[in-house]
Amino acid sequence: MDDQQKQLISFVVPVFNEEECVEKLYSRICETAESIGMKFELIYVDDHSIDSTLRIIRGLRERDSRVKIISFSRNFGHQVAVMAGLHHASGDCVITMDADLQDPPEIVPQMLEIWKQGFDVVYGIRRTRKGNWLKKTCYKIFYRVIHKISPLDLPLDAGDFCLMSRRIVLEMQKLNEERPFVRGLRTWVGFKQIGIDYDRQLREAGKSKYNIVKLSQLAIDGILSFSSLPLEAATFIGVIISCASILYALYTGITRILIQFDIISADHLIPGWATLVCSIMLLMGLQFIFLGILGKYVGRIFTQGKRRPLYIVQEKQGFEDD
Ligand code: UDP
Ligand code: MG
C-alpha cells in the first residue's frame, strides 16, 4: 500500500466526442484509486471533439488538478492520441484505456499487482466481447490473420487496454511512426509482457467512433506495419503459376507421344493451343516471381523508412553510460 501511494499511475485516455462518458470514467477511476490508495494523473487526449467533451474535461481539471488535458488541432485519430498521451505521461507506469468504459477501471488493481511482480506490460485479453456481431467477427479474423503473417508474436484478442512500465513508455516515445499501431509497437518493444483476461463491456453511452471503413484502415495499418507478406506474396503466386505451366507442358508432351504411337487420337487437339497456354502461363509466372522480388526490396525500404531503432537494450554493464 505504501509504495502505491508514492508511485504515480498515469491514465491515458483518447477522447473524441465522448461528452457522455468522460465524467463517468473520471468517477470510476477515482473510486478505484480510493479503494487501493493510488496516486494518479488522468490525461485526456482530446482528438478535436466537436461536442462539449473539451468543456467538460476543462471543468474536471478546474475541480481536480490530477486531470490533465491535451487537445489536438484537428482529428488525428485514436492511435495518434494514445501516442501523444504516452509522450506526456510522467507516471511510473501508464494505463491506456478507452473513454467509453468498455475497458473497466476495476481491473487496474489487478494489473498493478502483476506490474509489481516485475512485468513491463500487462495487456487485457478480451475473453468475451459484447455488441455488434459483424465487428466482433472482423476483430476475431483480424487478430488471427495478423498473428499468422507477422514475424512478431502479436497476442490474440488484445487491444490497447493495458499497463506499461516506465521503460516501455520511454521506448514507445522514441517510435515516431506516421501511422502508429499501438498494440503492435507495444509487442515490438519487448521486455516482460503478460495478458490478463477480461470481459469487454458494452459502450457506456454514445456511439462507436469506429465504423467499418475506419476499422479496416486500422487493420491495414497493423498488417502493413508488421508484415511485408502482402508485398512478397507475388513470389508465391508466381511459383505456383510457373509450376502449373511446366506440368501442362509435360502433359502436352506426353499426349503428343501417345498420339505418335496411335494410343490416343488427335481429333480433340487444336494446333498451337498448348504452346500458347504454356508460354502465357510461364511468362505470367515469371512476372509474378519478379514482382515478389521487387516486393522484398520495397519491403526493406519500407521498414527502413519507419526508422525504428534496430534494437532496444535491456541492460548494460561495463560501459561508461551504465
Ligand atoms: N477515438 C479518438 N479519435 C477517433 C476515434 C476514436 O480519440 O478518431 C477514441 C474514442 O473516444 C474512444 C477510443 O478512441 O475513447 C476508442 O473508440 P471507440 O470506442 O469509438 O471504438 P470501438 O471501441 O467501438 O472500437
Ligand atoms: Mg469503444
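Count along the sequence shown from 1, add 197, and you get the number used in the numbering used here.
Glycine included, every Cβ here is placed at the ideal spot set by N, Cα and C.
Flag this pair as yes or no: are the beta carbons of I292 and I206 separated by less than 8 Å? Along the sequence shown, one-based indexing puts residue 292 at 95. Along the sequence shown, one-based indexing puts residue 206 at 9. Contact: yes.
Rounded to a whole number of angstroms, what is the C-alpha to C-alpha distance between Y407 and L283? Walking along the sequence shown from the start, residue 407 turns up at place 210. Walking along the sequence shown from the start, residue 283 turns up at place 86. Going from the Cα of Y407 to the Cα of L283 covers about 22 Å.
Where P352 falls: helix, strand or coil (DSSP): Position 155 of the sequence shown, counted from the first residue, corresponds to residue 352. Coil.
What's the gap between the Cα of V379 and the Cα of E310? Along the sequence shown, read from residue 1 onward, the residue named residue 379 stands at position 182. Along the sequence shown, read from residue 1 onward, the residue named residue 310 stands at position 113. So the two alpha carbons sit approximately 23 Å from each other.
Under a criterion of Cβ closer than 6 Å to any non-hydrogen atom of ligand 2, which residues qualify, in chain order? D295, D297, Q299, R400 and S405
Take the Cβ of C440 as the centre, count every other Cβ of all protein chains shown within 10 Å, and call the residue buried at 16 or more, exposed below. In the sequence shown, residue 440 corresponds to position 243, counting from 1. Answer is exposed; the Cβ neighbour count stays below 16.
In this structure, what does DSSP give as the bridge partners for Y320? The residue labelled residue 320 in the question sits at position 123 within the sequence shown. Partner(s): C359 and G392.
Touching by the beta-carbon criterion (3+ pairs, under 8 Å), the region 333-347 and the region 423-433: yes
Thinking C-alpha only, which one of R364, N373 and K265 is nearest K503? Taking the first residue of the sequence shown as position 1, residue 503 is located at position 306. The shortest Cα separation from K503 among R364, N373 and K265 belongs to N373.
Check whether the region 429-446 and the region 478-491 are in contact - that is, three or more C-beta pairs closer than 8 Å. yes
Please determine, among V366, G496 and S270, the residue with the shortest C-alpha to C-alpha distance to M280. Residue mapping note: residue 280 aligns to position 83 of the sequence shown, counting from 1. Ranking the options by Cα distance to M280, first place goes to V366.
In this structure, what does DSSP give as the bridge partners for C290? Here residue 290 refers to the residue found at position 93 of the sequence shown. For C290, which the question treats as bridged, DSSP gives the partners I206 and S362.
For S476, the nearest candidate out of I498, Y494 and L447 (CA to CA): Taking the sequence shown and counting its residues from 1, one reaches residue 476 at position 279. Of the candidates I498, Y494 and L447, the one whose C-alpha sits nearest the C-alpha of S476 is L447.
Should I409 and A355 be called a contact, given that it needs their Cβ atoms to be closer than 8 Å? Along the sequence shown, read from residue 1 onward, the residue named residue 409 stands at position 212. Along the sequence shown, read from residue 1 onward, the residue named residue 355 stands at position 158. Contact: no.
Starting from E577, trace the beta strand (DSSP E) both ways and give me its first and last residue. Coverage of the chain is limited to positions 198 through 519, which leaves residue 577 absent and any answer about it impossible.
With DSSP run on the structure shown, which of helix, strand or coil describes R326? For the purposes of this step, residue 326 is taken as the residue at position 129 of the sequence shown. DSSP places R326 in strand when its eight states are reduced to three.
For my contact list, D297 and E215 are in at a C-beta cut-off of 8 Å; report their separation, rounded to the angstrom. The count along the sequence shown starts at 1 and reaches residue 297 at position 100. The count along the sequence shown starts at 1 and reaches residue 215 at position 18. Between E215 and D297 the Cβ distance is about 7 Å, and since that is below 8 Å, they are a contact.
For the putative contact between N272 and D295, defined by C-beta atoms under 8 Å, what is the C-beta separation to the nearest angstrom? Position 75 of the sequence shown, counted from the first residue, corresponds to residue 272. Position 98 of the sequence shown, counted from the first residue, corresponds to residue 295. That pair is no contact at about 16 Å.
Quick one: what's got a C-beta closer than 8 Å to L251's C-beta in the same chain, skipping five residues either side? Along the sequence shown, one-based indexing puts residue 251 at 54. Cβ within range, chain order: D243, I266 and S268.
Taking the alpha carbon of A471 as the point to measure from, which residue in T452, L399 and Q484 has its own alpha carbon closest? Stepping through the sequence shown from its first residue, residue 471 is reached at position 274. Of T452, L399 and Q484, the residue nearest in Cα terms is T452.
Where do the N-terminal and C-terminal ends of the alpha helix (DSSP H) with F487 fall, by residue? As a first step, residue 487 must be located in the sequence shown, where it is residue number 290. Where F487 is concerned, the enclosing alpha helix (DSSP H) stretches over W470 to G502.
Please confirm whether D317 and F213 have their CB atoms less than 8 Å apart. Within the sequence shown, residue 317 is the residue found at index 120, counting from 1. Within the sequence shown, residue 213 is the residue found at index 16, counting from 1. Going by C-beta atoms, D317 is not nearer than 8 Å to F213.
Of all the beta strand (DSSP E) runs that stay within the bounds of the region 397-431, which reach a length of 3 or more residues? With a minimum length of 3 residues, no continuous beta strand (DSSP E) run stays inside the region 397-431.
Between which residues of its own chain and K203 is the CB-CB distance below 6 Å, once the five residues before and five after are set aside? Against the sequence shown, residue 203 aligns to sequence position 6. Closer than 6 Å at the Cβ level, and outside the excluded window around K203, lies no residue.
So, are the CB atoms of I523 and E220 less than 8 Å apart? Any question about residue 523 goes unanswered here, given that the chain covers just 198 to 519.
With H, G and I counted as helix, E and B as strand and the rest as coil, what does DSSP make of I267? Here residue 267 refers to the residue found at position 70 of the sequence shown. Of the three classes helix, strand and coil, the one that applies to I267 here is strand, per DSSP.
I'd like to confirm the pairing. Which residues does DSSP put opposite K236 in its beta bridges? Within the sequence shown, numbered from 1, the residue matching residue 236 stands at position 39. DSSP, once it has assigned bridges, lists L205 as partnering K236.
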